[in-house]
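Undergrad: In the working numbering, the protein residues as written are 773 to 1220. Each residue gets a CB set at the ideal place from its N, CA and C atoms; glycine is no exception. First the structure, which I've put down as structure tokens, then a few questions once you've had a look.
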Amino acid sequence: MDPIVPSNLYDQINLFFQESSDFVSEQFSLYGSTVHLCYFESLVDIRETRKSLLQLEIHFNEKKDTLEQIVLTTGGTFENSFDNIVQALLSGRLSLFSEDGLTHVMINPTHPRIARNVDVPQSENVIESSFDAFTEDIKTNISMLRTKINSKDLVIGNYMLGAFNPRRISLFHVSSKSQPKVVQRIIFLLEKNKEKEIEGVQDLSSALGLPKFSLVPAFVATEIPSETVRHLMEGRIVIFLDHYPYALAVPGFANDLWSMHGDRNFPFVFMVTIRAIRMLGLFVGLIAPGLYVALVSVNPEVLRIQLALSVALSREGVPYPALVEVLLMLGILEMIIEASLRLPKSIGPTVTMVGGIILGQAVVQAKLVSNLLIIILAATTIANFTLVGYQNAFMIRLFKYIILIISAIYGLLGTLSGVVWVCFYIASVTTFQYPYLNSSMKSGGTND
């Protein structure tokens, strides 16, 4: 026996969502007429929505149809497509059906507050700058940027990507600053991949045609609105993902490693000094482990005799080569860094600090590593995190392993060659035809 097919939209919607426990279908009396309400109680504040509908009765004309008057007073829309109604309900809208279930209106109801309030940045520390940070609610993030850029040139485009689980993406740019070709290219790629599921930044990168195995981040991720304003005023394009509390500025440039908008709140000399310290941290974090291995294992003759004897004395009793020694301790440090990020904030710093001290002292006393290496790697780790942005710091963490391996084979020549290779690689990276070594969008991109 064939299943009974519902004869109207109202019955079809009820049948479709019958297994969803938070789906509600109920009758509601409005101006002497009975309408059917359909909504998800997890997405709609029905109590406040009912109040709003009842308050509209004073504007009703008894000669007109109830649903027609709701459309006129609420800005709702008539909708007869089953698929569109389903998608609207899943997006948090409210459906009103006529008593016979044939006529249907979609309205925007009052939503419960389920997003967190604007708070201080959680993953980026700011000094003498604004302490607000983006949230998971994309509308809140748009409002924050609108209040900080009071310009008619700020253009915002909204796109929905994904067939199974559509996700909202907002594209920001300042028309008088941005490059039209880059904006048009991004819009074209978003519209071309509108069926692609976007679960995270990797999927967004794939939709925009960015390389999957690049060692250089294509986006500059930040949760600080003032940083995002700086990116927009430089002509970059900023992308927001709904339910993701970071702004993604594209393209990224090398000077993002050491420059922040908040630096401009300091006197000029202070700003230059801070950025110089970050540049120094970049070079220390990049070459210090490789330089240690090169000088200890391959080219000890470069050192003065007193320093060479001191280094040899510190390594007395260590049972394996300097490369193994460095890789062992770097692996432990990487695990400590990762653990400090994953542990609860109340105990994470304490546990990792105490664990690191105890572990470092134990391995030195056990003659597994030298005292000098502990100093070198501590300086390397500290220097690495002077850089701006976690992804930028992670990039340098990866590059240092390349230089380390080459240095272990070729010594100081390998260290120099590794640095040159890193420079060549970074110089070859482009994002939407803009080289990574550009200082800004004004420098111009490469040709197709």
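Within a Cβ cutoff of 7 Å, which residues of the same chain sit near F789, ignoring the five residues on either side of it in sequence?
TA: The sequence position of residue 789 within the sequence shown is 17, counting from 1. Excluding positions up to five away in sequence, the list reads F795.
Undergrad: Which runs of the beta strand (DSSP E), 3 residues or longer, sit entirely within the segment 892-947?
TA: DSSP runs (the beta strand (DSSP E)) wholly in the segment 892-947: 926-933 and 939-946.
Undergrad: Spatial neighbours of L1209 within its chain, please: C-beta separation below 6 Å, excluding the five flanking residues on both sides.
TA: In the sequence shown, counting from the first residue as 1, residue 1209 sits at position 437. Closer than 6 Å at the Cβ level, and outside the excluded window around L1209, lie A1026 and A1199.
Undergrad: Given this structure, state the Cα-to-Cα distance separating I776 from H876, to the nearest angstrom.
TA: Residue 776 sits at position 4 when you count from the first residue of the sequence shown. Residue 876 sits at position 104 when you count from the first residue of the sequence shown. Below a pLDDT of 50, predicted positions are generally treated as unreliable, and I776, at 39, falls in that range; the measurement from the model is reported next regardless. One C-alpha to the other measures close to 22 Å.
Undergrad: Write down the C-beta distance between L879 and L866 rounded to the nearest angstrom, noting that I regard them as a contact closer than 8 Å.
TA: For the purposes of this step, residue 879 is identified with residue 107 of the sequence shown, where counting begins at 1. For the purposes of this step, residue 866 is identified with residue 94 of the sequence shown, where counting begins at 1. Residue identity differs from the one stated: residue 879 is Ile in this sequence, not Leu. So it is a contact: roughly 5 Å between Cβ atoms.
Undergrad: Going by DSSP, what residue range makes up the alpha helix (DSSP H) through Y1197?
TA: For the purposes of this step, residue 1197 is identified with residue 425 of the sequence shown, where counting begins at 1. L1184 to S1200 is the extent of the alpha helix (DSSP H) around Y1197.
Undergrad: Which two residues bound the contiguous alpha helix (DSSP H) that contains V955?
TA: Start at 1 with the first residue of the sequence shown, and residue 955 comes out as number 183. Where V955 is concerned, the enclosing alpha helix (DSSP H) stretches over P952 to K964.
Undergrad: For the pair the segment 1037-1046 and the segment 981-988, tell me if three or more CB-CB distances fall below 8 Å.
TA: No, the segment 1037-1046 does not touch the segment 981-988.
Undergrad: Comparing C-alpha positions only, which one of I996, V1056, T1000 and K968 sits nearest to N897?
TA: Locating residue 897 in the sequence shown gives position 125, where the first residue counts as 1. Looking at the Cα atoms, I996 is the closest of the given residues.
Undergrad: Name the two residues that bound the continuous alpha helix (DSSP H) containing T821.
TA: Position 49 of the sequence shown holds residue 821. Start and end: I818 to Q827.
Undergrad: Starting from the Cα of Q799, find the closest Cα among L787, R822 and T907 and give me that residue.
TA: Within the sequence shown, the letter at position 27 stands for residue 799. Comparing Cα-Cα distances from Q799 to each of L787, R822 and T907, the minimum goes to R822.
Undergrad: May I ask which residues mark the beginning and end of the alpha helix (DSSP H) holding V973?
TA: In the sequence shown, residue 973 corresponds to position 201, counting from 1. Residues V973 to A979.
Undergrad: My output table needs one value for Q790: the three-state DSSP class, helix, strand or coil.
TA: By one-based count along the sequence shown, residue 790 stands at place 18. Looking at Q790 - three-state DSSP - the assignment turns out to be coil, as it is neither helix nor strand.
Undergrad: Using alpha carbons as the reference points, say which of G1183, S1112 and S978 lies closest to L1075.
TA: Taking the sequence shown and counting its residues from 1, the one referred to as residue 1075 is at position 303. For the residues G1183, S1112 and S978, the minimum Cα distance to L1075 belongs to G1183.
Undergrad: One question on the structure: do V1083 and P1072 come within less than 9 Å of each other, judged by their Cβ atoms?
TA: Reading the sequence shown from its first residue, position 311 is the one you call residue 1083. Reading the sequence shown from its first residue, position 300 is the one you call residue 1072. Cβ distance < 9 Å, so V1083 and P1072 count as in contact.
Undergrad: Between R957, K1117 and H1015, which has its C-alpha nearest R940's C-alpha?
TA: For the purposes of this step, residue 940 is taken as the residue at position 168 of the sequence shown. Closest option to R940, Cα to Cα, is H1015.
Undergrad: May I ask you to list the residues that DSSP assigns as paired with Q799?
TA: Here the question's residue 799 lines up with position 27 in the sequence shown. The partner list for Q799 (beta bridge, DSSP) reads H808.
Undergrad: Three-state secondary structure (DSSP) at I996?
TA: Along the sequence shown, read from residue 1 onward, the residue named residue 996 stands at position 224. It is coil, neither helix nor strand.
Undergrad: Rounded to whole angstroms, what is the Cα-Cα separation between I1011 and E908?
TA: Start at 1 with the first residue of the sequence shown, and residue 1011 comes out as number 239. Start at 1 with the first residue of the sequence shown, and residue 908 comes out as number 136. When rounded, the distance between both Cα atoms is 13 Å.
Undergrad: What first and last residue would you give for the alpha helix (DSSP H) that runs through M1051?
TA: As a working note, residue 1051 is residue 279 in the sequence shown. F1040 to V1065 is the extent of the alpha helix (DSSP H) around M1051.
Undergrad: May I ask which residues mark the beginning and end of the beta strand (DSSP E) holding I970?
TA: Residue numbering aside, residue 970 sits at position 198 when the sequence shown is read from its first letter. From DSSP, I970 is part of no beta strand (DSSP E); its letter is neither H nor E.
Undergrad: In whole angstroms, give me the CA-to-CA distance for F1157 and N852.
TA: For the purposes of this step, residue 1157 is identified with residue 385 of the sequence shown, where counting begins at 1. For the purposes of this step, residue 852 is identified with residue 80 of the sequence shown, where counting begins at 1. Near 56 Å, if we compare the C-alpha coordinates of N852 and F1157.
Undergrad: Let me make sure I understand the geometry here. Which of L933, V1098, V1201 and F1055 has the alpha-carbon closest to that of I959?
TA: Looking up residue 959 in the sequence shown gives position 187. When only C-alpha atoms are compared, the closest one is L933.
Undergrad: Where does L1029 fall in DSSP's three states?
TA: Sequence index remark: in the sequence shown, residue 1029 carries index 257 (1-based). Residue state, collapsed to three classes: helix.
Undergrad: Bridge partners of Q1206, per DSSP?
TA: Within the sequence shown, numbered from 1, the residue matching residue 1206 stands at position 434. Position check: residue 1206 holds Tyr in this sequence, whereas Gln was assumed. Partner(s): T1203.
Undergrad: Compute the beta-carbon to beta-carbon distance between M1167 and R1008, rounded to the nearest angstrom, for a pair I have assumed lies under 8 Å.
TA: In the sequence shown, the residue the question calls residue 1167 occupies position 395. In the sequence shown, the residue the question calls residue 1008 occupies position 236. Contact flag wrong, Cβ pair sits at about 19 Å.
Undergrad: Check this for me: beta carbons of V1022 and F1204, under 9 Å apart or not?
TA: Along the sequence shown, read from residue 1 onward, the residue named residue 1022 stands at position 250. Along the sequence shown, read from residue 1 onward, the residue named residue 1204 stands at position 432. Yes. Within cutoff.
Undergrad: Can you check whether the CB of T1187 is closer than 9 Å to the CB of I1059?
TA: Here residue 1059 refers to the residue found at position 287 when the sequence shown is read from its first residue. Here residue 1187 refers to the residue found at position 415 when the sequence shown is read from its first residue. The answer is yes: Cβ separation under 9 Å.
Undergrad: Shortest alpha-carbon distance to A1080 belongs to which of S1069, V1090 and I1175?
TA: In the sequence shown, the residue the question calls residue 1080 occupies position 308. Ranking the options by Cα distance to A1080, first place goes to S1069.
Undergrad: Suppose you measure from the CA of S1118 to the CA of M1005; what does that come to, to the nearest Å?
TA: Walking along the sequence shown from the start, residue 1118 turns up at place 346. Walking along the sequence shown from the start, residue 1005 turns up at place 233. Their Cα atoms are separated by approximately 37 Å.
Undergrad: In this structure, how does DSSP classify I1011 when only helix, strand and coil are distinguished?
TA: Residue 1011 sits at position 239 when you count from the first residue of the sequence shown. Strand, per DSSP.
Undergrad: Out of A1048, G1053 and F903, which one is the CA nearest neighbour of E999?
TA: Along the sequence shown, one-based indexing puts residue 999 at 227. Nearest C-alpha to E999: F903.
Undergrad: At what residues does the alpha helix (DSSP H) containing S1212 begin and finish?
TA: Mapped onto the sequence shown, residue 1212 falls at position 440. Segment: none, S1212 is in no alpha helix (DSSP H) and carries neither H nor E.
Undergrad: Between which two residues does the alpha helix (DSSP H) carrying D1086 extend?
TA: Numbered from its first residue, the sequence shown carries residue 1086 at position 314. Before going on, a small fix: residue 1086 reads as Ser here, not Asp. It spans I1077 to S1086 - the alpha helix (DSSP H) in which S1086 sits, taken as one unbroken run.
Undergrad: Quick check: does the Cβ of L1184 come within less than 8 Å of any heavy atom belonging to the ligand NAP?
TA: Questions concerning the ligand NAP fall outside what the structure shown contains, since it holds no ligand whatsoever.
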